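K.L.:
Residue numbers (this note's numbering), protein chains in the order written: chain H, 1 to 163; chain U, 1001 to 1156.
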């Protein structure tokens, strides 16, 4: 038995973390996925709208801001997202009939999200496992803080994969 | 080998490629949108007779068109085709996909074979799945969404 692993019965103070062997990762990206939080992935700026925003205004907002997704908040709580995919699937061919209706009619309700303190792997999991492209980042009060887009994850992956 | 080495040595053909939505060059924007909806894909590709890609029509362009003029739905899709869309070859290393996605800020990449003919489609989703496959212990097991703690006490 090495001195490092001597038992506590010796009477001397023993730091319980003394015997802790840090996890060894096979890859820098694996380490980043496990140890870096969502905050390590850029999630701001983000664009917001309210649920009663008319659909045509929300579409204009997406186009004018050159973003692919709006965070829809009601009373400072995230209730949905409205993305390019919602425009394609629910709005594009019906636009003239529904453009004045509220965006809440066509948004994606109750989207999968991550907390700011979650690991960066959690954001990747939402994309790779659930297939959602845009992952809202929220705080404990369910207020949206920002959004993780595939582009932002790609930048994170590149930073940790290509050196 | 770790991901660092793998993305340099493994080829694009190793990614799970998606079947592209191909529309005729005479198709309208409406036709392209209907095909994209039917196939649940965010882009459509126009090819020539030899299946060489002529350009890509992305869903972001749908949003832009609708915001400006919804009458554009009945115009030819070729008017709004992105003809300089980046392509990767089946034999390119996966690192090339990562670089192309970031440098062009796009979601999809057209994959071509050695003859330059359309072979498939890849992009951010394929890349995420590839990373998840490498690190299932980190990525697949994550709690997703929902409340991290039980709202009510469990049991008696």
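Backbone N, C-alpha and C fix where the C-beta goes; we use that ideal spot for every residue, glycine too. Computed from a prediction, not measured in an experiment: that's the story for all the values here.
(1) Given residue 1041/U, which residues of its chain have a CB within under 8 Å of its CB, disregarding the five upstream and five downstream residues?
(2) Are the Cβ atoms of residue 63/H and residue 1063/U separated by less than 8 Å?
(3) On the DSSP bridge assignment, give the partners of residue 1108/U in chain order.
(4) Is it buried or exposed for residue 132/H, if we count other Cβ within 10 angstroms and need 16 for buried?
(5) Measure how close the beta-carbons of residue 34/H and residue 147/H come, nearest whole angstrom, since I'm counting them as under 8 Å.
(6) So which of 1005/U, 1014/U, 1029/U has the shortest CA-CA distance to residue 1065/U?
(7) For the region 128-151 of chain H, which residues have a CB atom closer than 8 Å to at least one CB atom of chain U, in sequence order?
(8) Helix, strand or coil: how does DSSP classify residue 1135/U here?
(9) Using 10 angstroms around the beta-carbon of residue 1129/U, count the other beta-carbons present and answer buried if the total reaches 16, otherwise exposed.
(10) Quick check: is the beta carbon of residue 155/H nearer than 8 Å to any beta carbon in chain U?
(11) Short of 7 Å in beta carbon distance, which residues of its chain neighbour residue 153/H, apart from the five on each side in sequence? Order them along the chain.
(12) Just checking: is the beta-carbon of residue 1070/U within a distance shorter than 8 Å of some beta-carbon in chain H?
(13) Residue 1067/U touches chain H at which residues, Cβ-Cβ below 7 Å?
(14) Quick check on DSSP: helix, strand or coil for residue 72/H?
(15) Are there three or more Cβ pairs, one per stretch, closer than 8 Å when the region 1035-1049 of chain U is compared with the region 67-82 of chain H?
(16) What is the rounded straight-line gap between the Cα of residue 145/H and the Cα of residue 23/H?
(17) For residue 1025/U and residue 1052/U, which I take to be in contact (beta-carbon distance under 8 Å), what is that distance rounded to the nearest angstrom?
P.N.:
So, to answer that:
(1) 1018, 1020, 1021, 1121
(2) yes
(3) 1123/U
(4) buried
(5) Not really, about 23 Å apart at Cβ, beyond 8 Å.
(6) 1029/U
(7) 128, 129, 130, 131, 133, 150, 151
(8) coil
(9) buried
(10) yes
(11) 41, 123, 124, 127
(12) yes
(13) 59, 60, 63
(14) strand
(15) no
(16) 31 Å
(17) Rounded, the Cβ-Cβ distance is 12 Å, inconsistent with contact.
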